[in-house]
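Going by UniProt numbering, the letters in the sequence shown line up with residues 1 to 91, in that order.
Where a beta carbon is used, it is the ideal one built from N, C-alpha and C, also for glycine.
Because the structure is a prediction, the values reported are computed rather than measured.
Okay, structure first, notes after.
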Amino acid sequence: MTSAHAETSASAQPQPAAAVYRIHGVVKATAPGAVTLAHEAVPELQWPAMTMPFTLASGLTPPPLKVDQAVEADVSLVDGRYVITAIRPRG
Numbered sequence: 001m002t003s004a005h006a007e008t009s010a011s012a013q014p015q016p017a018a019a020v021y022r023i024h025g026v027v028k029a030t031a032p033g034a035v036t037l038a039h040e041a042v043p044e045l046q047w048p049a050m051t052m053p054f055t056l057a058s059g060l061t062p063p064p065l066k067v068d069q070a071v072e073a074d075v076s077l078v079d080g081r082y083v084i085t086a087i088r089p090r091g
């Protein structure tokens, strides 16, 4: 097997799906393509409760969000950054 063939075969392997983490929080700010959440602790990521900005995943159109609204969001690691892949109001 040539090295070029080995590289092609390796790059053709399917990439594993990114892990999805569910977070609960409150909207603190919104901007086009981003939202700042004050979220609860996320034990799976060893994150304490904190307020942080998140980028929305490419192509994600969130529902209308208001400051101080409780939400549930799915977060995944994309290109070395955690991004929101889904977000919805909490009842």
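inquiry  = I'd like the list of long-range same chain contacts for Ala57, defined as Cβ closer than 7 Å, with 5 residues on each side in sequence excluded.
reply    = Cβ neighbours of Ala57 beyond the five flanking positions: Val78, Val83, Ile84 and Thr85.
task = Taking Ser76 as part of the beta strand (DSSP E), name the residues at either end of that continuous run.
result = Where Ser76 is concerned, the enclosing beta strand (DSSP E) stretches over Ala70 to Val78.
query = Under three-state DSSP, which class holds Glu7?
reply = In this predicted model, Glu7 has a pLDDT of only 48, less than 50, meaning its place in the structure is not dependable; the value taken from the coordinates is given anyway. Assigned with DSSP and collapsed to three states, Glu7 falls in helix.
ask   = Helix, strand or coil: how does DSSP classify Pro43 here?
value = It is helical.
ask   = Roughly how many whole angstroms lie between the Cα atoms of Gly25 and Leu37?
value = Computed Cα separation, rounded: 6 Å.
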